[in-house]
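Position 23 of the sequence shown, counting from 1, maps to 23 under full-length UniProt numbering, and the rest follow consecutively. Here a beta-carbon is modelled for each residue, glycine too, at the ideal position from N, C-alpha and C. Bear in mind the structure is a predicted one, so any value in this text is a computation, not a measurement.
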Amino acid sequence: MVKARSQFKERSTGTNVEIEVPVPYDATNPNIRTSMGSAAYAPERDAMVWKIKSFPGGKEYMCRAEFSLPSITSEEATPEKKTPIRVKFEIPYFTVSGIQVRYLKVIEKSGYQALPWVRYITMAGEYELRLI
1 MVKARSQFKE RSTGTNVEIE VPVPYDATNP NIRTSMGSAA YAPERDAMVW KIKSFPGGKE
61 YMCRAEFSLP SITSEEATPE KKTPIRVKFE IPYFTVSGIQ VRYLKVIEKS GYQALPWVRY
121 ITMAGEYELR LI
């Protein structure tokens with residue numbers, strides 16, 4: 001089970017949220033249920049990918065997944081490397097730092113009418129969660 005909780009204010013909304021949860025390479029027969037968005041097993045990435053198009057601030061959603069694993073018969077089975085959970089997202093009209101442009105002046109000598117406009121967006125860079 002994976003719980004995803006937005007920890008930004010309710011007036012903001014995360015978009016294009018993608019949570020990639022690693023699963024063992026030999027996992028089969030996925031049974032996945034989500035409270036929001038859609039999730040699918042991506043065997044080429046050895047992961048379950050959960051996508052949420054719109055994630056409002058202050059909300060929490062859950063994803064439950066069950067996989068079949070082959071029984072281990074060898075005592076020399078190698079331990080799995082623990083790959084991180086990866087998260088990608090965008091938050092339009094929001095800056096984490098709180099920085100704001102107070103004044104913007106566009107000087108255009110060709111006579112073209114330019115409109116001063118600033119777009120704020122927060123995008124996830126490398127956001128990984130490691131299980132210990």
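Closest Cα partner of lysine 82 within the set Arg11, Glu128, Ser38: Glu128
Span of the beta strand (DSSP E), counted from its first residue to its last, around alanine 65: 60-68
Contact the stretch 8-28 vs the stretch 52-61: 3+ CB pairs below 8 Å: yes
Candidates Glu20, Ala40, Ser6, of which the one nearest valine 87 by Cα: Glu20
Among Tyr25, Ser71, Ala47, nearest to isoleucine 32 - alpha-carbon criterion: Ala47
6 Å CB neighbourhood of threonine 28 in its chain, flanking five on each side removed: Ser68
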